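These notes concern the structure reproduced below.
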Amino acid sequence: MRLRKLMSNDRFDIKICGLKTAEAAERAVARGATHIGFIFFAKSPRHVTAEAARPVADAIRGRAKIVAVTVDATDAELDTIVAGLVPDMLQLHGRESLERVAAVKARYGLQVIKALSIRDAADLDTALAYRGTADRLLFDAKPPKGSELPGGNGVSFDWRLLDALDDGVDYMLSGGLDAENVGAAIRSTRTPAIDASSGLESAPGVKDPARIEAFFDAVAAARSLAQAHRQTANQGA
Ligand SMILES: O=C(O)c1ccccc1N[C@@H]1O[C@H](COP(=O)(O)O)[C@@H](O)[C@H]1O
Numbered sequence: 010m011r012l013r014k015l016m017s018n019d020r021f022d023i024k025i026c027g028l029k030t031a032e033a034a035e036r037a038v039a040r041g042a043t044h045i046g047f048i049f050f051a052k053s054p055r056h057v058t059a060e061a062a063r064p065v066a067d068a069i070r071g072r073a074k075i076v077a078v079t080v081d082a083t084d085a086e087l088d089t090i091v092a093g094l095v096p097d098m099l100q101l102h103g104r105e106s107l108e109r110v111a112a113v114k115a116r117y118g119l120q121v122i123k124a125l126s127i128r129d130a131a132d133l134d135t136a137l138a139y140r141g142t143a144d145r146l147l148f149d150a151k152p153p154k155g156s157e158l159p160g161g162n163g164v165s166f167d168w169r170l171l172d173a174l175d176d177g178v179d180y181m182l183s184g185g186l187d188a189e190n191v192g193a194a195i196r197s198t199r200t201p202a203i204d205a206s207s208g209l210e211s212a213p214g215v216k217d218p219a220r221i222e223a224f225f226d227a228v229a230a231a232r233s234l235a236q237a238h239r240q241t242a243n244q245g246a
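Take the position in the sequence shown, starting the count at 1, then add 9; the result is the number in the working numbering.
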């Protein structure tokens, strides 16, 4: 049943986040990334300035959505990022309220992804309140104790919580995805989109070509297996 739901939606988005080089961005897009994310958070090993990120973004502009990832950024900070990077979307990965999400959307006229950290069913309920205000929800794990980063921690949450979601919820599954677990994530959830960052790195902030390739290979394998299951199910119907 879940496989049928997953594959009945042809659109499947793959966001690769925390890019710093045109080489890594090009590799991700060549393999099918639909979204490329740049991190604007000074404490992150993936932090970039708009000036440094712009040529990387320009190299793939028009072939994947350019996403600026920010954390409780002020209007002044967002003004600099939006003017310098010219992103297609903003990802708000802090404690932004519903009102703040609405204000950011209105100020820039850009699509907004709201990242929400999930540990239990109550967190999912809180996250769902952003539906209709944010253009898309992104479910990430809660940061481990002591982490200075609200995301990019390489940890997953219990994907079984997503069983409770209605089919129509448009979200991205994030948190600790890598080549080893992304197939299971796709098979065991109904996710219409995935997002990965630190699981594709050889060191914090350093994207690894082999890990990127292995990740996309694993995604393709899981998607074609699901497709085969759907065809078998349709033939039996
Ligand atoms: O990657 C970071 O350093 C980061 C910093 C601040 C906010 C978000 C950040 N990353 C985002 O977190 C999720 C999950 O990352 P991971 O796959 O677990 O490493 C993803 O959206 C990153 O873009």
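A virtual CB, placed ideally from N, CA and C, is assigned to each residue, including glycine. Computed from a predicted model, the values in this text were never measured in an experiment.
Please determine, among A42, A31 and V38, the residue with the shortest C-alpha to C-alpha distance to D203. By one-based count along the sequence shown, residue 203 stands at place 194. Per the sequence shown, the amino acid found at residue 203 is Ile instead of Asp. Minimum Cα distance to I203 is reached at A42.
If you draw a straight line from the alpha carbon of F225 to that of R40, how long is it in whole angstroms? Translated into positions along the sequence shown, residue 225 becomes position 216. Translated into positions along the sequence shown, residue 40 becomes position 31. F225 and R40: Cα-Cα distance of roughly 6 Å.
In DSSP terms, what S126 is bridged to: Along the sequence shown, one-based indexing puts residue 126 at 117. Per DSSP, D149.
DSSP-derived helix/strand/coil call for A231: Taking the first residue of the sequence shown as 1, we reach residue 231 at position 222. Correct three-state label for A231: helix.
When the distance is taken between beta carbons, is V113 closer than 9 Å to L94? Within the sequence shown, the letter at position 85 stands for residue 94. Within the sequence shown, the letter at position 104 stands for residue 113. No, the Cβ-Cβ distance between L94 and V113 is not below 9 Å.
Which whole-angstrom value is the C-beta distance of V5 and K29, which I expect to be below 8 Å? Because residue 5 is not part of the residues shown, which for the chain are 10 to 246, the question remains open.
Give every residue of the same chain whose Cβ lies closer than 7 Å to the Cβ of R104, excluding the five residues on either side of it in the sequence, and list them in chain order. Within the sequence shown, the letter at position 95 stands for residue 104. Correct list, in chain order: D81.
Alpha carbon to alpha carbon, how far is I221 from S207? Give it in angstroms, no decimals. Position 198 of the sequence shown, counting from 1, holds the residue named residue 207. Position 212 of the sequence shown, counting from 1, holds the residue named residue 221. About 11 Å.
How close, in whole Å, do the beta carbons of G27 and R55 come, if the pair is a contact with beta carbons under 8 Å? In the sequence shown, residue 27 corresponds to position 18, counting from 1. In the sequence shown, residue 55 corresponds to position 46, counting from 1. Going by Cβ atoms, the distance from G27 to R55 rounds to 4 Å, so yes, they are a contact pair.
Locate the alpha helix (DSSP H) running through Y139, then write down its first and last residues. For the purposes of this step, residue 139 is taken as residue 130 along the sequence shown, with counting starting at 1. Segment: none, Y139 is in no alpha helix (DSSP H) and carries neither H nor E.
Identify, in the order they occur along the chain, each residue of the same chain with its Cβ nearer than 6 Å to the Cβ of L171, setting aside the five sequence neighbours on each side. Counted from its first residue, the sequence shown places residue 171 at position 162. Correct list, in chain order: T198.
Exposure of E108, with buried meaning 16 or more beta-carbon neighbours within 10 Å: Locating residue 108 in the sequence shown gives position 99, counting from the first residue. Flag for E108 reads exposed.
Please list the terminal residues of the continuous alpha helix (DSSP H) segment that includes D67. To locate residue 67, count along the sequence shown from 1; it is residue 58. That run of the alpha helix (DSSP H) goes A59 to I69.
Do A227 and A188 have their CB atoms nearer than 9 Å? Position 218 of the sequence shown, counted from the start, is the residue given in the question as residue 227. Position 179 of the sequence shown, counted from the start, is the residue given in the question as residue 188. Yes, they are a contact pair.
Could you check whether the Cβ of K24 sits closer than 8 Å to any heavy atom belonging to ligand 1? Looking up residue 24 in the sequence shown gives position 15. It does: the Cβ of K24 is within 8 Å (strictly closer) of some heavy atom of ligand 1.
Apart from the five residues on each side of it in sequence, which residues of its chain come closer than 6 Å, Cβ to Cβ, to S126? Numbered from 1 along the sequence shown, position 117 holds the residue referred to as residue 126. Within the same chain, S126 has close Cβ partners D149 and K151.
For E210, count neighbouring C-beta atoms within 10 Å of its own C-beta (all shown protein chains included) and say buried if the count is 16 or more, exposed if not. Residue mapping note: residue 210 aligns to position 201 of the sequence shown, counting from 1. Label assigned to E210: buried.
Just how far apart, CA to CA, sit A229 and L186? Position 220 of the sequence shown, counted from the first residue, corresponds to residue 229. Position 177 of the sequence shown, counted from the first residue, corresponds to residue 186. For A229 and L186, the distance between alpha carbons rounds to 14 Å.
Spatially closest choice to A9 from K74, R128, L133 and S233, by CA coordinates: The structure shown has nothing for residue 9, since the chain only spans 10 to 246.
What residue range is occupied by the uninterrupted beta strand (DSSP E) comprising T79? To locate residue 79, count along the sequence shown from 1; it is residue 70. Its beta strand (DSSP E) spans residues K74 to T79.
Tell me whether F50, by its Cβ, gets closer than 8 Å to a heavy atom of ligand 1. Reading the sequence shown from its first residue, position 41 is the one you call residue 50. Yes, the Cβ of F50 comes within 8 Å of a heavy atom of ligand 1.
Fully enclosed by the region 88 to 125, which beta strand (DSSP E) runs are 3 residues long or longer? 98 to 101
If I'm right that D179 touches R145 with Cβ under 8 Å, what's the distance once you round it to whole angstroms? Position 170 of the sequence shown, counted from the first residue, corresponds to residue 179. Position 136 of the sequence shown, counted from the first residue, corresponds to residue 145. Yes, D179 and R145 are in contact; Cβ-Cβ is about 6 Å, under 8 Å.
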